[in-house]
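So the structure is just underneath, and the comments pick up after that.
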Amino acid sequence: MDKLKSVIIKFKSLIGLLALCVIISIITPRFLNVNNLLNVLTQVSVNAVIAIGMSYVILTGGIDLSVGSILAITGAISASIIVKSNSVFLAIIAAIIIGALIGAFNGIIVSKGKIQPFIVTLAAMTIFRGVTYVYTNGTPISGLGRDFTFIGNAKVIGIPFPVVITLIVFLIAYYIINETRFGRYVYALGGNEDSTRLSGINTDRIKMIVYIVSGIAAAISGIIVTSRIGSASPNAGSGYELDAIAAVVLGGTSLSGGEGSITGTIIGAMIIGVLNNGLNLMNVSPFYQSIVKGLVILLAVLIDKRNKK
Amino acid sequence: MQEKMPILEMKNISKSFPGVKALSGVNLRAFSGEVMALLGENGAGKSTLMKILSGVYKRDEGIIRIEGREVEINGIKDAQNLGISIIHQELSLLPNLTIYENLFLGNEILGGFKLNKREMIKKSEELLKSFDFTVSPKTLTKELTVGEMQMVEIIKAVSKDAKIIIMDEPTTALTEVETEKLFKIIERLKNNNVAIIYISHRMDEIFKICDKITVLRDGTFIGEEDVKGITKDKLISMMVGRKLEEQFPRIDTKIGKSILKVENLSMKDKIKDVSFELFEGEILGVAGLMGSGRTEVAKLIFGEYKKSSGNVYIEGKKADINSPKDGIREGIAYLSEDRKKEGLILKLSVLENMTLSNLKKYESKVKRINRAKELEDCKAYTKKLLIKTSSPNQLIKNLSGGNQQKVIIAKWLLTSPKVFIIDEPTRGIDVGAKKEIYQILNELKAQGKGIIMISSDMEEILGVSDRILVMHEGRITGEIQRDKASQEKIMKYAVGIAD
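Protein chains in written order, with my numbering: chain A, 26 to 334; chain B, 54 to 552.
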């Protein structure tokens, strides 16, 4: 009995996701069909990639509110490169480098400036949204060629390309966090910074890297979003940081750091995606959707809290 | 002699938690105007018993009598109404409020609808004065020292007409001067007919201020004795259930060549001109009062703090140490006095804590951690240091203090250091485990490592060290060889009386 209980607690996010799927498929038969499910996965992929990067930051006890703005600026930069040179390779590399640089900016100020991550990334969010507006002059950049829009819209053996990208990002992130020294240090840092530093670990460096990871993840999402829509909007990605944080929390990761998993985050992102899709299929008004989503997050965290006691 | 009636009598108290019987048939009495020491190793059931008394837990069996009358304690409020007050190890004052606000928290004096601050301040002033505590009641609590905060807690308890005060290891965070003050207050409380239940691991305190002792072991009642007429050995054997021939097993080793040399080390105005040398196969004790700069010197050598001048030599070579990482590379291990804050990562497992400083060793070519090898080392050290844990994957927070300390020792052994700096090696660790820690230190000494042991426990310093340095206000004020060392000598240097 105790064993069953511990299994339930271990897989609670997954059980929650499956339960949600069962409920939705009972209410609306349109949910359980291959096209719809692939559609859900594609929609989830943008949030999932951001949330994976966010998990690294949150596991160290930090937070990254700038991901939405990073998505917008990297999307805009890659779009303008495509318009000018039509080099997909250059566009992707540039986006990732910009994402990493903004992450490094956050990381330096958090670690060396010893300022709370919430404040630093809140400022970065505002700054880089502004930079995006300046860069784009406030208008979307469109007219991106087929070579680039391929990324967001093509399929590989029937699977949408964004889903493939998400899967690759997930596998790499999973390996690093679970199998490498750096991954162990991330958990240690989130658990107790002083102990970790006194164990001979360069904690400033770890902090710096997690914000870079988050920046790169947001840049990858920026590329997916831009190529999917076929244009880069300066408003892209606003509010995405909250969806990503919600996914991380729904996946059972503690906001105080040191506890949680990347697998949980993926499931958390799926829960949000399935919920969105289900509510759409049921023709629930977007106004109500927001209310339902908020309540689900609260409920999940309350259940989690009870189990931990 | 006719015995007087106890103000508190707990009889045949039992309490079970899922899977464990925490207490079984335990008795405890307390008398007005007396101090009852409650002793036992960690996990003996002291805290559980006190939690039952203060209304946090409910007992399964047994009776509680106060002044001969049977009572039910169903909550913290009940305990307070019965005049029971507990002073925790972790203080419960609110740091951002003033002293008087803390004293009257929950019992504020009102004038109409608003607080009558003037009245509260006046009453607080009287209370503080009656304890010879000369500080304004309008001082913010966070500006007080730990000792002063504790005093405020005690005054608060007394002001609520507490008849029974429980003190849970009150001196762990106090300086010697503050401890003396606390003892004076305890004397006063005794004169005012308050009954005190005193929990401590420090033997000398027990003999100094307690009238009676009650010993628990493994959740059972071992006995109640008068302090007069009991010996330290008897007490220890009651606590651990076996006779300890010697509390400080010592071995003599050959002192080898110089392994660490510190020259004119200084840090701003905190550490001044500290120079000393450490040799192979030696335990160098560092004594001194709290705030004398012992921990700062350790952290300077290890690289956690930045020195303003001075040099450190390892095996004769000048070492450039600017971070703990550098310190470890140079072969130094530093075990903090504060295990929870600066040693352990409570959310990680025993294994993960043990290998943290040495993870590089387990990396494969693809940067993957070799878990099998990690597990092998963890098991080997668990066996070698007699660490009691249900599994290497057990969370470290579930281990006792002694076992946690052993995991940290294992962690540093894995980095194969030459110099061990161990700060308060047995703080908060029970008697049985203490001896095991000393044996480990001895073994390291026999292997030719150099050990610096910082300790506030006088017996430990005298019992374990080969040589003793004493610090006072950031300087080394004395060096004493083992055979010439005495408590008085150390104290003289520690308070800065030069000879």
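All C-beta atoms, glycine included, are put in the ideal place defined by N, C-alpha and C. What you are looking at is a predicted structure, and each value in this text was computed from that prediction instead of being measured.
The beta carbon of B/Asn155 is closer than 8 angstroms to those of Leu146, Leu147, Thr194, Val205 and Lys209 in its chain, skipping five residues each way along the sequence.
Among the CB atoms of chain B, none fall inside 7 angstroms of the CB of A/Asp329. Residues of the same chain with a CB within less than 6 angstroms of the CB of B/Ile117, apart from the 5 flanking positions on each side, are Met63 and Val124 in chain order. By alpha-carbon distance to B/Ala83, the top candidate from B/Glu172, B/Glu258 and B/Asp279 is B/Asp279. Note on B/Tyr387: 16 or more other CB atoms within 10 angstroms of its CB, so buried under the neighbour-count rule.
Contact between A/Gly247 and A/Ala120 is confirmed by a C-beta separation of about 6 angstroms, below the 8 angstroms threshold.
Contact of A/Gly87 with chain B by beta-carbon distance below 7 angstroms is absent, the smallest such distance being about 16 angstroms. Taking A/Asn301 as reference, the option from A/Val92, A/Ile98 and A/Ile49 with the minimal CA-CA separation is A/Ile49. Cα atoms of A/Gly303 and A/Val321: separation of roughly 13 angstroms, rounded to the nearest angstrom. Counting along the chain, no beta strand (DSSP E) covers B/Tyr110, and no H or E run does either. For the stretch 383–407 of chain B, the beta-carbon criterion of a distance under 7 angstroms to any beta-carbon of chain A is satisfied by Tyr387, Ser389, Lys394, Glu395, Gly396, Leu397, Ile398, Leu399, Lys400, Leu401 and Glu405. Proximity of the stretch 391–409 of chain B to the stretch 438–456 of chain B meets the contact definition, three or more beta-carbon pairs being nearer than 8 angstroms.
In this structure, A/Gly128 places its C-beta atom within 7 angstroms of the C-beta atom of A/Ser239. B/Met173: member of the alpha helix (DSSP H) spanning Lys170 to Ser183, first to last residue.
Straight across, the Cα-Cα distance linking A/Asp268 with A/Val82 is about 15 angstroms.
Against chain B, the beta carbon of A/Tyr212 has neighbours under 9 angstroms at Ile398, Lys400, Leu401 and Glu405, listed in chain order. Below 8 angstroms, enough C-beta pairs join the stretch 325–334 of chain B and the stretch 500–507 of chain B to call them touching: three or more.
According to the DSSP assignment, A/Ala271 belongs to the alpha helix (DSSP H) that extends over Tyr265 to Leu275. Of all alpha-carbon atoms in A/Ser315, A/Leu323, A/Thr53 and A/Val74, the one lying nearest the alpha-carbon of A/Thr191 is that of A/Val74. A residue is called buried once 16 or more other Cβ atoms fall within 10 Å of its Cβ, and A/Ile51, having fewer, is exposed. Looking from the CA of A/Ser263, the closest CA among A/Ile292, A/Pro54 and A/Val250 belongs to A/Val250. Residues are counted here when their Cβ sits less than 8 angstroms from a Cβ of chain B; for the stretch 219–232 of chain A these are Asp219, Ser220, Thr221, Arg222, Leu223, Ser224, Gly225, Ile226 and Asn227, given in chain order. The C-beta distance from A/Ile291 to A/Leu275 rounds to 10 angstroms, too long to meet the 8 angstroms contact threshold. Rounded to whole angstroms, B/Met343 and B/Lys545 show a C-alpha spacing of 15 angstroms. Where B/Lys64 is concerned, the enclosing beta strand (DSSP E) starts and stops at Leu61 to Phe70.
Where A/Ala179 is concerned, there is no enclosing alpha helix (DSSP H), because DSSP gives it neither an H nor an E. For B/Lys370, the enclosing beta strand (DSSP E) covers residues Lys370 to Ala372. Using a Cβ-Cβ cut-off of 7 angstroms, A/Arg209 counts as an interface residue toward chain B, since at least one Cβ of chain B sits closer than that to its own. Interface residue (Cβ-Cβ distance to chain A less than 7 angstroms): B/Ser410 is classified as such. Following the DSSP letters along the chain, one finds A/Ile254 inside the alpha helix (DSSP H) bounded by residues Thr228 to Ile254. Under the three-pair Cβ rule at 8 angstroms, the stretch 128–143 of chain B does not count as touching the stretch 176–185 of chain B. Secondary-structure assignment with DSSP links B/Ile219 through a beta bridge to B/Ile139 and B/Ile250. Burial state of A/Tyr210 is buried, judged by a 10 Å Cβ sphere holding 16 or more other Cβ atoms. Going by DSSP, B/Gly531 is part of the beta strand (DSSP E) stretching over Arg528 to Gln534. Taking every protein chain shown into account, the CB of B/Lys99 has 16 or more other CB atoms within 10 angstroms, so this residue is buried. Chain B has no Cβ within less than 7 angstroms of the Cβ of A/Asn58.
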